[in-house]
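Report on the following structure.
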DNA sequence: TTGAAAGCGATACCAC
DNA sequence: GTGGTATCGCTTTCAA
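Protein chains in written order, with this note's numbering: chain A, 77 to 415; chain B, 77 to 415.
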């Protein structure tokens with residue numbers, strides 16, 4: 077069943093080396109021989125054995141996708157990333173190997189490196205504290221996806237969280253809000269602080285004093301946006317608008333508001349972050365900051381390939397533009413003024 | 077950086093063969109030697125090179141996930157499947173390799189087989205017409221996920237579409253509906269006809285005559301449920317309830333109904349299929365038939381592993397139970413009768 | 001322009 | 001119980 081290079085060579089009465097050279101574009105092969113080889117290759121259905129090639133060449137042509145996240149967070153988000161990554165990987169003739177565990181531990185990571193399972197890794201969501209150190213130690217190229225990394229020497233592709241939050245907050249202020257709740261997810265690290273900075277800058281620009289009671293932190297591992305939202309509602313002077321951590325939590329918040337007899341956006345405006353399909357399907361539809369997840373996925377593979385090809389390359393850090401998408405959940409269309 | 081079996085053998089003053097045997101549980105190794113080897117293994121951080129192992133053993137310990145679908149259909153659905161598959165694969169110490177293309181063509185499939193990229197394939201969504209034939213020819217084990225296959229000799233894991241549609245239709249009838257629209261996706265093949273059979277059986281059981289104008293086919297590649305839904309509404313005698321092809325299309329339908337000033341479920345009831353997270357997040361929340369996607373993903377990997385281990389195994393075909401989940405989109409709570 | 005042979009890192013057969 | 005060696009399929013150096 078399996079056709080090897082030896083089958084081709086016997087079939088043509090040539091040596092294995094000549095066949096190999098013909099296939100790998102060496103110059104010292106007569107064009108006639110090359111043609112015969114290529115022909116035989118098609119005729120017999122030869123495809124070089126991946127394992128043998130990997131062993132000989134020392135590269136696997138595989139990229140690992142390390143999705144270090146509880147499955148509940150595996151929303152639409154990851155699908156967009158994966159499809160972008162898959163597209164780019166295909167162009168580079170790389171396979172994508174999936175590593176999805178709640179927690180990929182250090183030992184596992186070492187194994188992936190030492191066993192040479194992949195040529196490089198794309199880290200999606202929070203990498204382990206020491207994961208990056210291990211990868212650096214093992215000289216395994218990697219790119220962090222979706223968030224900035226404070227660590228020196230780390231390449232990443234991140235959305236412009238600061239600007240996104242800034243635009244979103246400005247929009248809410250324009251809609252007349254001056255008490256804007258902010259759902260923070262502390263474990264998001266720089267993502268969180270960037271967004272928070274954007275939020276605060278918008279307040280400063282509008283000369284709205286910052287009120288810390290409007291900031292509520294979601295719990296670690298919390299996937300439901302309702303508790304944080306309700307906590308905001310229960311404060312003595314609740315917000316009239318809320319920025320949720322992401323679209324999924326925003327959808328939960330809308331649900332909660334609805335359950336409590338509140339109209340969105342009349343009684344409370346709610347905005348999300350990410351720009352997933354669900355933001356079009358909530359009722360009211362959701363205002364959100366859209367990340368170019370597909371393109372980010374592509375870019376991160378491209379950057380990773382550069383690192384794989386040239387391991388002396390300095391880190392590449394890209395922040396990609398986001399887009400404010402205004403929908404019903406924050407937009408008071410039934411307006412009274414002339415402004 | 078990379079530690080090989082030779083490093084271990086030199087370190088201990090043993091031969092490579094002894095080290096290998098110690099690691100692979102051969103009996104003819106003294107327990108003392110075995111202990112020393114295992115110890116050195118940990119000390120030096122040895123992990124066997126995957127490519128070398130694959131080449132020698134003729135297996136890759138990789139399972140391919142062939143996701144043959146336009147990206148738009150890559151919803152939450154695939155995430156549940158993947159996480160189940162990943163869980164099972166991990167237990168079998170298999171890696172998952174992702175093949176996501178709109179269309180994986182025959183040539184590509186042949187390459188995957190001949191190059192021995194994987195030990196087996198999980199086919200998600202519609203496999204190519206001749207894909208299965210190629211795989212059989214190449215003796216590549218595979219399992220079809222999510223749908224029955226009429227082809228003899230093909231293993232699959234499928235939801236109980238017939239029973240799901242039966243229960244769902246009965247529920248709608250109980251809610252007082254006797255004009256129930258049915259959105260069909262012809263390209264779904266047996267999935268479609270099984271559900272349709274369930275739908276019709278429920279009508280028969282309730283002695284409701286079947287009206288073909290209530291069946292509307294969605295277009296190939298159509299992801300938006302609105303057009304089909306609107307087509308149903310525009311008939312001279314429109315339905316009072318609609319069964320959508322899946323939750324995503326149902327969500328679109330709800331949106332459409334809303335846009336046309338119709339209340340769901342008062343003016344029209346809408347039900348989905350699949351039981352994805354979105355069914356909890358629409359407004360009203362969506363009645364649906366929930367598939368155990370995670371467990372189905374697990375099972376399909378388990379079955380695939382059986383085929384990989386024993387290639388004489390007859391096909392395994394499993395139909396997994398589904399669950400009717402009644403939510404707001406079909407449930408008239410504000411009722412008037414005592415029944 | 002072609003071919004022989006070494007070697008990538010592992011496993012497994014067969015001597016000893 | 002241990003070690004030498006062939007082998008998996010490929011690429012690449014070197015010799016012819």
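Even for Gly, the Cβ is constructed at its ideal location relative to N, Cα and C.
With contact defined as three or more Cβ pairs closer than 8 Å, the stretch 132-143 of chain B and the stretch 102-109 of chain B are not in contact.
By the Cβ rule, the stretch 173-192 of chain A counts as touching the stretch 162-172 of chain B, because three or more pairs are nearer than 8 Å. For residue 103 of chain B, no beta strand (DSSP E) encloses it, and the DSSP letter there is neither H nor E.
If you draw a 10 Å sphere on the C-beta of residue 270 of chain B, you find 16 or more other C-beta atoms in it, and that means buried. Nearest CB-CB separation between residue 385 of chain A and chain B: not below the 8 Å threshold.
Runs of the beta strand (DSSP E) spanning 3 or more residues and lying entirely within the stretch 317-372 of chain B occur at 317-319, 345-347 and 364-366, in chain order. The stretch 199-219 of chain B and the stretch 193-202 of chain A do not touch, with fewer than three beta-carbon pairs separated by less than 8 Å. Every beta strand (DSSP E) stretch that sits fully inside the stretch 182-238 of chain B and reaches 3 residues is listed by chain position as 196-200, 218-221 and 231-235. Short of 6 Å from the beta carbon of residue 376 of chain B, and not among the five residues preceding or following it, lie these beta carbons of its own chain, in chain order: 198, 219, 221 and 233. When the five nearest sequence neighbours on each side are left out, the beta carbons in the same chain lying within less than 8 Å of the beta carbon of residue 120 of chain A are those of 79, 83, 84 and 87, in order along the chain. A residue is called buried once 16 or more other Cβ atoms fall within 10 Å of its Cβ, and residue 364 of chain A is buried on that count. None of the residues of the stretch 248-259 of chain B has a beta carbon lying less than 9 Å from any beta carbon of chain A.
From the listed residues A:315, A:195 and A:249, the smallest Cα separation to residue 343 of chain A is found for A:315.
Under a 10 Å Cβ-count criterion, residue 192 of chain A is classified as buried, with 16 or more other Cβ atoms of the shown protein chains found around its own Cβ. Separation of residue 393 of chain B and residue 158 of chain A (C-alpha to C-alpha, rounded to the nearest whole angstrom) is 30 Å.
Near chain A, meaning a CB-to-CB distance below 9 Å, the residues of the stretch 100-130 of chain B are 121, 122, 123, 124, 125, 126, 127, 128, 129 and 130. Between residue 256 of chain B and residue 248 of chain B the beta-carbon gap is near 5 Å, inside 8 Å, which marks them as a contact. Per DSSP, residue 119 of chain B is one residue of the alpha helix (DSSP H) stretching across 107-120. Only residues of its own chain outside the window of five on either side were considered, and among them 233 and 396 have a CB closer than 6 Å to the CB of residue 372 of chain B, listed in chain order. By the neighbour-count criterion, in which a residue is buried when 16 or more other Cβ atoms sit within 10 angstroms of its Cβ, residue 215 of chain A is exposed.
If you compare the alpha carbons of A:322, A:289, A:297 and A:324 with that of residue 307 of chain A, the shortest gap goes to A:289. A check of alpha carbon separations from residue 209 of chain B across B:196, B:190 and B:182 identifies B:182 as the nearest.
Under the DSSP assignment, residue 139 of chain B falls in the beta strand (DSSP E) whose first and last residues are 138-144.
Close partners of residue 191 of chain B in chain A (Cβ separation under 8 Å): 123, 124, 125 and 126. Per the coordinates, the alpha-carbon of residue 383 of chain B lies some 41 Å from the alpha-carbon of residue 346 of chain B. Rounded to whole angstroms, the separation of the alpha carbons of residue 399 of chain B and residue 405 of chain B is 16 Å. Proximity of residue 336 of chain A to chain B, defined by a Cβ-Cβ separation below 8 Å, is not satisfied. In terms of Cβ geometry, residue 237 of chain A and residue 196 of chain A do not form a close pair [threshold 8 Å]. Listed along chain B, no residue sits closer than 9 Å to residue 374 of chain A by beta-carbon distance, the nearest being about 13 Å off. With a contact defined as Cβ atoms closer than 8 Å, residue 408 of chain A and residue 251 of chain A qualify at about 6 Å. Between the alpha carbons of residue 231 of chain B and residue 325 of chain B lies a gap of roughly 29 Å. Here the C-alpha atom of residue 117 of chain A lies approximately 8 Å from the C-alpha atom of residue 123 of chain A. Non-local C-beta neighbours of residue 276 of chain B in its own chain, meaning closer than 8 Å and more than five positions away in sequence, comprise 286, ordered along the chain. Among the residues facing chain A, residue 363 of chain B is not included, as its CB has no counterpart in that chain under 8 Å away. For the set A:386, A:292, A:112 and A:350, the Cα lying nearest the Cα of residue 223 of chain A is the one of A:350. The contact set of residue 155 of chain A on chain B, defined by CB atoms closer than 9 Å, consists of 147, 150, 151, 152, 154 and 155 in chain order.
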